[in-house]
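Colleague: Plus 449 on top of the position in the sequence shown (first one is 1) and you've got this note's numbering.
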Amino acid sequence: MKILGEDNQWFLIQTNYDNWRKQPTLDDRVTPAIKCMQAKGKPSVTFESLFNLLSSRPMLNKVSIDFLWLDISVYFH
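1) Candidates 493, 461, 496: which alpha carbon is nearest residue 478's?
2) With a CB to CB cut of under 6 Å and the five nearest residues on each side skipped, what residues in its chain are close to residue 485?
3) Should residue 482 go down as buried or exposed, given a rule of 16 or more other Cβ atoms within 10 Å for buried?
4) In terms of residue numbering, what span does the alpha helix (DSSP H) encompassing residue 480 cover?
5) Can you list, in chain order, the residues of its chain whose CB lies under 8 Å from that of residue 489, leaving out five sequence neighbours each side?
Here is the structure:
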């Protein structure tokens, strides 16, 4: 399992594929999501920008059923 903060990443992208294996070529949503998050930058992330990311192609595709955004700070103080 990849440790959060490794490779200077401040976010975690999770799909229904194992994150320690190479993503399937025809359904790689992780690589574009990582590029989008890095381009956006931590200070610029908002609920709206995350929603736009998750609801755009290729993250949302014909076989996508749902996506989840969770703010753990609401649950852990």
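Quick reminder that beta carbons are idealized off the backbone N, C-alpha and C, glycines included.
Modeller: Let me lay it out:
1) Residue nearest to residue 478 within the set 493, 461, 496 is 461 (criterion: CA-CA distance).
2) 502.
3) Counting the other CB atoms within 10 Å of its CB gives residue 482 a total of 16 or more, which places it among the buried residues.
4) Counting along the chain, the alpha helix (DSSP H) containing residue 480 begins and ends at 479-489.
5) A distance below 8 Å between beta-carbons, with the five flanking residues on each side excluded, links residue 489 to the following residues of its chain, in chain order: 498, 502.
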